[in-house]
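Chains as they are written, first to last, in the numbering used here: chain X, -6 to 179; chain Z, 17 to 177. Heads up, the beta-carbon is just placed ideally off N, CA and C, and yes, glycines get one too.
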């Protein structure tokens, strides 16, 4: 009888079974409580698993990414390790409603450095400094990013390139560095 | 291409949710997410926008990845039983970490089917087709998975499972 609860949750009950289900709920207190428990569990189960689903940029860089995958994968794991220390928040997704679509807010958490810059195709590869947010360890800058596919990197202390760990789409540049790939929509 | 973009946007969150629930591994799920769309595009082009096909491709990609992982990597990278890895937990919402841990204790096929059911709007029949078992079997396994999960969560209390 109890698997009726799953059929109920998954909208798989026939009309006859719906009749039986309601009868059961009406007559059987234990079944009623059990059903409530399962529904509450289902709400938990169907909740958001992560804060942000990665944008893999499936078309634009899929072939390059395949090519570099063997190189990139160990690095990605390294970055994941570094990310326990370095938490980067991609606020543009959170604050999407407050910022015009063509403005992107880049935020990075690096309390261990004194200077962070960003350079990318949307800046003409000019370095733009990020502003330190007090003592919080966060650095931020809001930049205009035209619709399309863009490459960029952070630069730490004026010399060390640092790919955005929250952007999984990456590619090697011609100088041995790693660029993050950002796709913006109109 | 534009309509495929719409298909991509509409399905990627669901597929990613399925992969996360199934593996508990953010990096692996991201890789498989990208691999699935890439495989679908290279095999079928932008005209094919079948969600069930996409999920089937994703399951295959995951199986390939695990097989390859076993050959070239140490076990710890893709060990699904490993629910203590802080890097994996980091990307999962705090409110969901307990659920992911509990799901790690389910039998693999039960976890797969339940993950698919809660992450998509597939019917039991569609799930049966994707997974390759009977509809009746899907029905049994989904409920068994839910009941087990309930037990595990109850036993685990608030802190640990």
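Less than 7 Å between C-beta atoms, sequence neighbours within five positions excluded: which residues of the same chain meet that for residue 38 (chain Z)? Position 22 of the second chain, counting from 1, holds the residue named residue 38 (chain Z). Counting only Cβ-Cβ distances below 7 Å, and skipping sequence neighbours, we find 127, 128 and 131.
Minimum C-alpha distance to residue 95 (chain X) - residue among X:39, X:125, X:115 and X:108: Residue 95 (chain X) sits at position 102 when you count from the first residue of the first chain. With distances taken between Cα atoms, residue 95 (chain X) lies closest to X:115.
Would you say residue 15 (chain X) reaches chain Z, if we count a Cβ-Cβ gap shorter than 8 Å as a contact? As a working note, residue 15 (chain X) is residue 22 in the first chain. Cβ-Cβ to chain Z under 8 Å: no for residue 15 (chain X).
Under 7 Å between beta-carbons, which chain X residues line up against residue 32 (chain Z)? List them in chain order, please. Taking the second chain and counting its residues from 1, the one referred to as residue 32 (chain Z) is at position 16. In chain order: 46.
For residue 140 (chain Z), return the contacting residues in chain X, with the cut-off set at a CB-CB distance below 9 Å. On the second chain, residue 140 (chain Z) is found 124 positions in, with the first residue counted as 1. Ordered by position in chain X, the residues that pass the 9 Å Cβ test against residue 140 (chain Z) are 0, 3 and 5.
Taking just the CA atoms, how far does residue 123 (chain Z) sit from residue 110 (chain Z)? Within the second chain, the letter at position 94 stands for residue 110 (chain Z). Within the second chain, the letter at position 107 stands for residue 123 (chain Z). If you take the alpha carbons of residue 110 (chain Z) and residue 123 (chain Z), they lie about 24 Å apart.
What ranges does the alpha helix (DSSP H) occupy inside the segment 91 to 172 of chain Z, keeping only unbroken runs of at least 4 residues that lie completely in it? 102 to 107, 110 to 119, 124 to 135, 140 to 147 and 151 to 172
Per DSSP, which residues does residue 172 (chain X) bridge with? Please list them. As a first step, residue 172 (chain X) is located in the first chain; it is residue number 179 there, counting from the start. According to DSSP, residue 172 (chain X) bridges with X:164.
Closer than 9 Å at the beta carbon, the chain Z residues around residue 40 (chain X): Residue 40 (chain X) sits at position 47 when you count from the first residue of the first chain. Correct list: 109, 111, 112 and 115.
Take residue 125 (chain X) as the anchor and find which of X:163, X:141, X:37 and X:150 has the nearest alpha-carbon. Here residue 125 (chain X) refers to the residue found at position 132 when the first chain is read from its first residue. Considering only alpha carbons, the answer is X:150.
Neighbour flag for residue 37 (chain Z) against chain X, beta carbons, 8 Å: Residue mapping note: residue 37 (chain Z) aligns to position 21 of the second chain, counting from 1. Closer than 8 Å to some Cβ of chain X, the Cβ of residue 37 (chain Z) qualifies, so yes.
Between residue 150 (chain Z) and chain X, is the shortest Cβ-Cβ distance under 8 Å, so that the two count as touching? In the second chain, counting from the first residue as 1, residue 150 (chain Z) sits at position 134. Not closer than 8 Å to any Cβ of chain X, the Cβ of residue 150 (chain Z) fails to qualify, so no.
Any beta carbon from chain Z within less than 8 Å of residue 219 (chain X)'s own beta carbon? Examination of residue 219 (chain X) is not possible in this model, given that chain X is present from -6 through 179 alone.
Alpha helix (DSSP H) runs wholly inside the segment 89 to 139 of chain X, at least 4 long, in chain order: none
Return the chain-ordered list of same chain residues with a C-beta closer than 7 Å to the C-beta of residue 48 (chain Z), the five sequence neighbours on each side being excluded. As a position in the second chain, residue 48 (chain Z) is number 32, starting the count at 1. Cβ within range, chain order: 35, 74, 77, 78 and 81.
Name the chain Z residues that come within less than 9 Å of residue 99 (chain X), Cβ to Cβ? Within the first chain, numbered from 1, the residue matching residue 99 (chain X) stands at position 106. By Cβ distance, chain Z contributes nothing, its closest Cβ being about 19 Å from residue 99 (chain X), past 9 Å.
Return helix, strand or coil for residue 144 (chain X), following the three-state DSSP convention. One-based indexing of the first chain puts residue 144 (chain X) at position 151. Strand, per DSSP.
Can you check DSSP and say which residues form a bridge with residue 149 (chain X)? As a working note, residue 149 (chain X) is residue 156 in the first chain. DSSP, once it has assigned bridges, lists X:109 and X:153 as partnering residue 149 (chain X).
Measuring straight from C-alpha to C-alpha, what distance separates residue 21 (chain X) and residue 156 (chain X)? Locating residue 21 (chain X) in the first chain gives position 28, where the first residue counts as 1. Locating residue 156 (chain X) in the first chain gives position 163, where the first residue counts as 1. Rounded to the nearest angstrom, the two C-alpha atoms are 59 Å apart.
Own chain residues within Cβ distance below 8 Å of residue 112 (chain X), not counting five before or after: By 1-based counting over the first chain, the position of residue 112 (chain X) is 119. Closer than 8 Å at Cβ, skipping near neighbours: 118, 119, 120, 121, 145, 146 and 148.
Any idea what DSSP makes of residue 177 (chain X), helix, strand or coil? Within the first chain, the letter at position 184 stands for residue 177 (chain X). Of the three classes helix, strand and coil, the one that applies to residue 177 (chain X) here is strand, per DSSP.
Tell me which same chain residues have a C-beta within less than 7 Å of the C-beta of residue 170 (chain X), skipping the five on either side of it? If you number the first chain from 1, residue 170 (chain X) lands on position 177. Only 146 and 154 meet the Cβ criterion.
Would you say residue 115 (chain X) faces chain Z, with C-beta separation under 8 Å as the test? Here the question's residue 115 (chain X) lines up with position 122 in the first chain. No, no contact with chain Z.
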